[in-house]
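Respectively, the protein sequence lines represent chains B and W. Read left to right, the first sequence gives residues 1 to 173 (my numbering). Read left to right, the second sequence gives residues 174 to 358 (my numbering). Just so it is clear, CB atoms sit at the ideal spot from N, CA and C, and this is done for glycine as well. Since the structure is predicted, the reported quantities are computational estimates derived from the model, not experimental observations. This report refers to the structure that appears directly beneath it.
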Amino acid sequence: MEWLRLEHWSPYAVGIGIGILSWFTFLLSDKALGASTAFARTSGMIARLVGGKKVLENTYYRKFAPRIDWELMLVLGIAVGAWLSARLSGTFETSWVPALWAGTFGDAVGLRIATAFIGGIFMGFGARWAGGCTSGHGISGTLQLTVVSWVAAVFFFIGGIAAAHLLFRVIGG
Amino acid sequence: MLTNIHQKKGLQLVLGFAAGILFGFFLQKGGVTRYDVIVGQLLLEDFTVLKIMLAAVATGMLGIHALQSLKLVQLHPKPGSWNMAIGGGLLFGVGFAVLGYCPGTLAGAIGNGYLDAATGGLAGILVGAGLFAAVYGRIEKTILTRGDLKELTLPRLLKVGAWAAVLPAAALIVLALWLIEKAGL
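Quick look at the structure:
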């Protein structure tokens, strides 16, 4: 079982593994891999704690009820699975500022957290606007040959490549 | 279809969690729980993200359509519109670059110990999703439905059978991966 302790697997092995995993989620759970709805449901659960039951009347939360479902368990499982893999290979590390970020913008924790927060807002809003994320549209939607998912996936990368170049080559460069 | 299994609610939560553990394990082994790998892809310096995604799509596509031909699964194409895909896609893309994780890999990054993901990143995604829920009622029937594509799939668009689209699509993906390798990326 030495391969479970390897630091990295080939991206092709990983991709094929995720593809095969998706067969089983369709077969056993009638579900496609996806992650962003879980964050929407969680935001609803928090809003309910703060704002009470009237949150449930919101049009969006009537469509995506704020409760624990298959996909929310999937997202919790992702954190556990990544932790397990990192522990087995000795690559678990707690850090606040990624090396690539620090190389351009310095190692101040506050700046990185604030940027991650702003980026997160764009991501949470954008994923729900698009109706899916890099998993739901980018992998699950495209493999079903859904037209909207292919368009969304292409624009994830157009937006991402443009913003990354602006951030690192213009602002940081 | 294994409908009797699909209807067992408690079992489904366990299966979702188990699938997540495998998904997270794969993502970490692929290196995409790391900010540097994801932003490296967007800077076009490291093609790991694209290699993983394209390999997953080709593998998933062939297997799921085979299972569908055997009537063991049904497809779940997401509904959407041009405005959703382009507008949401670009906003997501900005978040992708600025945050440096996507929703699934953010969960993986938290498991990997990355605290920028666990604090600012997680809070930001939740706030963003909450803000969207707050405005959704005002835009669902206007902005979001413009250029409606419904649940259109490529085979239906081209008016061909599923396999007539799946096989060329899978072949094109393999070709794209071969070209990426050939270019030394």
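Gly-136 of chain B reaches chain W at Lys-251, counting residues in chain order whose Cβ is nearer than 8 Å.
The CB of Ala-99 of chain B comes closer than 7 Å to the CB of Asp-209 in chain W, given here in chain order. In terms of Cα proximity to His-238 of chain W, the closest of B:Gly-172, B:Thr-142, B:Ser-36 is B:Thr-142. For Gly-357 of chain W, the nearest beta carbon of chain B is not closer than 8 Å to its own beta carbon. Between the stretch 270 to 285 of chain W and the stretch 207 to 217 of chain W there are three or more C-beta pairs closer than 8 Å, enough to call the two in contact. In summary, Lys-181 of chain W is exposed, with fewer than 16 beta-carbon neighbours lying within 10 Å of its beta-carbon over all protein chains present. Residue burial is scored here from C-beta neighbours: Val-14 of chain B has at least 16 other C-beta atoms within 10 angstroms and is therefore classed as buried. Taking 8 Å as the cut-off, the Cβ atoms of Ala-152 of chain B and Ala-130 of chain B count as close. The beta-carbon of Arg-128 of chain B is placed less than 8 Å from the nearest beta-carbon of chain W. Taken atom to atom, the span from the alpha-carbon of Ile-68 of chain B to that of Ala-296 of chain W is near 18 Å.
Residue range 208 to 215 is occupied by the alpha helix (DSSP H) that includes Asp-209 of chain W, with no beta strand (DSSP E) assigned at that position. Taking a C-beta distance under 8 Å as the contact criterion, Leu-264 of chain W and Gly-126 of chain B qualify as a contact pair. Measuring C-alpha to C-alpha distances from Val-222 of chain W to each of W:Gly-320, W:Phe-199, W:Ile-298 identifies W:Phe-199 as the nearest. Tyr-61 of chain B carries a helical assignment under DSSP once its states are collapsed to helix, strand and coil. Annotation for Thr-91 of chain B: Glu-7 place their beta carbon closer than 7 Å to its own, counting only its chain and skipping 5 residues before and after. Excluding its 5 nearest sequence neighbours in each direction, Phe-168 of chain B has C-beta neighbours in its own chain below 7 Å: Thr-104, listed in chain order.
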